[in-house]
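J.:
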DNA sequence: GCCGCTATTCGACCAAAGTCGAATACTGGC
DNA sequence: GCCAGTATTCGACTTTGGTCGAATAGCGGC
């Protein structure tokens with residue numbers, strides 16, 4: 001059986017465009033589509049070792065780099081090409097910092113996308129020319145953010161699910177019902193993930209998770 | 001005793017510029033300065049009924065519209081002129097939506113600032129020309145955000161302090177020590193503010209508070 | 001196969017969070 | 001001054017959250 005290529009984007013038209021690009025870069029590939037974060041992970045469970053994952057940062061259920069970080073944590077071997085409508089250099093470098101193999105702006109031409117996919121399949125990383133143009137810092141990727149990402153990456157799949165439910169403000173009881181386990185189990189997961197994240201209560205865990213979820217472009221402080 | 005004019009900005013040079021403007025608009029005014037959110041509220045306690053408050057959105061301790069909302073909640077009668085380095089129309093209208101009487105970009109000339117101060121002292125609201133230029137929507141100010149702001153505005157001063165400490169991930173015990181009250185009191189405040197915010201546990205309260213703290217300009221979804 | 005490692009699960013126990021009722025104090029209107 | 005409404009405070013009780021120790025299951029290496 002051929003290894004699959006996963007396309008995760010909530011916009012059908014854009015998925016079609018990506019399919020064209022994939023067909024050129026990986027002739028005969030089995031293409032699997034997802035339009036939400038939930039269906040993406042369902043697809044990943046069904047195809048645990050895809051050749052490539054094309055991931056839109058702005059999908060229903062996706063907040064900031066959460067989906068990327070979670071995918072990287074659970075399927076570390078899958079090369080991920082991040083797609084986004086935002087094109088600032090900051091977000092490109094942060095995507096790579098979070099483990100993406102390439103960043104493709106939605107405004108890119110098919111040819112450019114194909115070039116990116118080929119580079120990634122060859123084991124390279126890839127960025128559009130605009131990412132390095134303009135000089136200035138190559139984005140040190142905020143130390144706190146790097147740290148937080150490293151911690152998040154050590155979470156197990158279940159712990160990830162629990163954390164995301166924590167971040168929705170759910171009670172342990174509700175999480176237990178959702179996951180069909182006992183409340184004791186949820187508590188154990190919460191304890192474990194809090195230790196990994198280096199925090200001492202659920203609120204701090206949620207706060208840490210939130211920091212990765214929001215792309216506050218900011219960059220103010222001019223006077 | 002003359003009523004005071006408060007200037008809250010962390011940049012000394014810019015405070016000087018604002019002082020010049022205030023001196024022109026309110027001759028002989030007693031000017032009180034603050035460079036952090038903390039010192040701003042100390043100044044408000046010392047001068048509970050200032051004639052005017054000039055507030056920079058980007059100060060140490062200030063996250064998003066929090067300082068503005070908190071000041072409005074505790075000192076509803078004080079007209080507030082918001083200062084910011086950001087100049088997008090969105091932020092201007094949101095500032096007014098959160099109760100500011102005027103919005104002044106940091107790039108504005110002294111004359112413009114004076115005009116704004118005079119308008120506010122006369123009871124008017126004031127926006128730079130660029131706020132209405134460019135057509136498009138007059139900013140419906142996200143329904144959720146309006147709602148959250150309305151709820152936050154009903155909090156008492158103590159409840160506000162408690163909420164901000166909740167948002168730092170502190171335990172009730174730590175908050176109690178900080179405020180020199182018993183843990184039971186903190187719990188009572190937490191219960192009260194949760195009811196006002198329409199949430200059922202501290203994590204949800206923190207989540208709601210966070211939503212107002214981050215100005216993620218976003219506005220994506222182009223394909 | 002056997003062993004060590006980790007993920008997942010759980011129950012029992014203690015600590016923290018949240019509810020309820022109530023007392024005190026302060027404010028603004030009459 | 002008096003009253004109504006609200007802010008602030010607290011103790012007692014209940015619910016939820018978090019720790020500890022432990023059992024089971026799966027996975028990769030030797």
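Chains as they are written, first to last, in full-length UniProt numbering: chain A, 1 to 223; chain B, 1 to 223.
Cβ atoms here follow ideal geometry from the backbone N, Cα and C, with glycine treated the same way.
What you are looking at is a predicted structure, and each value in this text was computed from that prediction instead of being measured.
1. If the cut-off is 9 Å on Cβ atoms, which residues from the segment 189-205 of chain B count as contacting chain A, listed in chain order?
2. Taking the Cβ atom as the reference point for each residue, do residue 5/A and residue 22/A lie within a distance shorter than 8 Å?
3. Going residue by residue through the UniProt domain "Response regulatory" (4-121) of chain B, where are the continuous beta strand (DSSP E) segments of at least 3 residues, counting only ones entirely within it?
4. Taking only beta-carbon atoms, is residue 169/B less than 8 Å away from chain A?
5. Quick one: Cα of residue 71/B to Cα of residue 49/B, how far?
6. How big is the Cα-Cα spacing for residue 51/B and residue 98/B?
7. Tell me, please, whether the CB atom of residue 174/B is closer than 8 Å to any CB atom in chain A?
8. Taking Cβ positions only, does residue 159/B come closer than 8 Å to chain A?
9. For residue 87/B, which of 79/B, 204/B, 104/B, 150/B has the nearest alpha-carbon?
10. Under 7 Å between beta-carbons, which chain B residues line up against residue 30/A? List them in chain order, please.
11. Where do the N-terminal and C-terminal ends of the alpha helix (DSSP H) with residue 170/A fall, by residue?
12. Output the boundary residues of the alpha helix (DSSP H) element that contains residue 157/B.
13. In or out: residue 210/B buried (at least 16 other Cβ within 10 Å) or exposed?
14. For residue 182/A and residue 153/B, what's the separation of their Cα atoms in angstroms?
15. In the segment 9-25 of chain A, which residues sit with their C-beta less than 7 Å from some C-beta in chain B, listed in chain order?
16. Rounded to whole angstroms, what's the CA-CA distance from residue 121/B to residue 60/B? Just pull it up for me.
17. Look at residue 176/B and residue 193/B and say whether their C-beta atoms are less than 8 Å apart.
18. Could you name the residues of chain B that residue 166/A contacts, counting a contact when the two beta carbons are closer than 9 Å?
19. Roughly how many angstroms lie between the CA atoms of residue 3/B and residue 67/A, to the nearest whole one?
20. So, residue 112/B versus residue 80/B, is the Cβ gap smaller than 8 Å?
21. Which residues mark the beginning and the end of the alpha helix (DSSP H) in which residue 185/B is found?
22. Would you decide whether residue 195/A is buried or exposed? Buried here means 16 or more other CB atoms lie within 10 Å of its CB.
23. Excluding the five sequence neighbours on either side, which residues of its own chain have a C-beta within less than 8 Å of the C-beta of residue 172/B, listed in chain order?
24. Considering only the alpha carbon of each residue, which of 78/B, 125/B, 56/B lies closest to residue 107/B?
25. Taking a cut of 7 Å between CB atoms, which residues from the segment 90-121 of chain B lie near chain A?
26. If you check the beta carbons only, do residue 47/A and residue 32/A fall under 8 Å apart?
27. Can you confirm whether residue 207/B, when its beta carbon is compared against all beta carbons of chain A, has any partner nearer than 8 Å?
28. Note down, in chain order, each residue of its chain lying with its Cβ closer than 6 Å to the Cβ of residue 9/B, except the 5 sequence neighbours on either side.
29. Strictly under 8 Å for the Cβ-Cβ distance: is residue 210/B near chain A by that measure?
30. Is the beta carbon of residue 125/A closer than 8 Å to that of residue 96/A?
31. With burial defined as no fewer than 16 other Cβ atoms inside 10 Å of the residue's Cβ, what is the status of residue 18/B: buried or exposed?
32. Can you tell me the Cα-Cα spacing of residue 234/A and residue 160/B, whole angstroms?
33. Under the rule that 16 or more other beta-carbon atoms within 10 Å means buried, what is residue 164/A, buried or exposed?
T.: Put simply:
1. Look at the segment 189-205 of chain B: the residues with a C-beta under 9 Å from a C-beta of chain A are 199, 200, 201, 202, 203, 204, 205.
2. Cβ atoms of residue 5/A and residue 22/A: closer than 8 Å.
3. Whole beta strand (DSSP E) segments, 3+ residues: 4-8, 30-34, 52-56, 80-84, 102-105.
4. At least one CB of chain A lies nearer than 8 Å to the CB of residue 169/B.
5. Cα to Cα, residue 71/B sits roughly 12 Å from residue 49/B.
6. Their backbone Cα atoms lie some 19 Å apart in a straight line.
7. So, not an interface residue.
8. Closer than 8 Å: no.
9. Between residue 87/B and the set 79/B, 204/B, 104/B, 150/B, the nearest pair of CA atoms involves 104/B.
10. What residue 30/A touches in chain B: nothing, since even the nearest Cβ is about 25 Å away.
11. That residue, residue 170/A, is in no alpha helix (DSSP H); it is neither H nor E in DSSP.
12. From DSSP, the alpha helix (DSSP H) with residue 157/B extends over 157-166.
13. Answer is buried; the Cβ neighbour count reaches 16.
14. Distance from the CA atom of residue 182/A to the CA atom of residue 153/B, rounded to whole angstroms, is 39 Å.
15. Contact annotation: in the segment 9-25 of chain A, residues whose CB is within less than 7 Å of a CB in chain B are 11, 13, 14.
16. Taking the straight line joining both Cα atoms gives about 27 Å.
17. When the beta-carbon positions are compared, residue 176/B and residue 193/B stay at least 8 Å from each other.
18. Within chain B, the residues near residue 166/A are 203.
19. The alpha-carbon of residue 3/B is positioned some 53 Å away from that of residue 67/A.
20. Not a contact, by the Cβ cut-off of 8 Å.
21. For residue 185/B, the uninterrupted alpha helix (DSSP H) segment begins and ends at 183-197.
22. Looking at its Cβ environment, which holds fewer than 16 other Cβ atoms inside 10 Å, residue 195/A is exposed.
23. Once the five neighbours on either side are set aside, the close Cβ partners of residue 172/B are 183, 186, 187, 190.
24. The shortest CA-to-CA distance from residue 107/B to any of 78/B, 125/B, 56/B is the one to 56/B.
25. So the close ones are 106.
26. With contacts defined by Cβ atoms closer than 8 Å, residue 47/A and residue 32/A form a contacting pair.
27. Residue contact with chain A for residue 207/B: present (Cβ-Cβ distance below 8 Å to some residue of chain A).
28. Within its own chain, the residues whose Cβ lies closer than 6 Å to the Cβ of residue 9/B, once the five positions on either side in sequence are excluded, are 15, 56, listed in chain order.
29. Interface residue, yes.
30. In this structure, residue 125/A lies closer than 8 Å to residue 96/A by Cβ.
31. It counts as buried.
32. Past the edges of chain A, shown from 1 to 223, lies residue 234/A, and the structure says nothing about it.
33. That one is buried.
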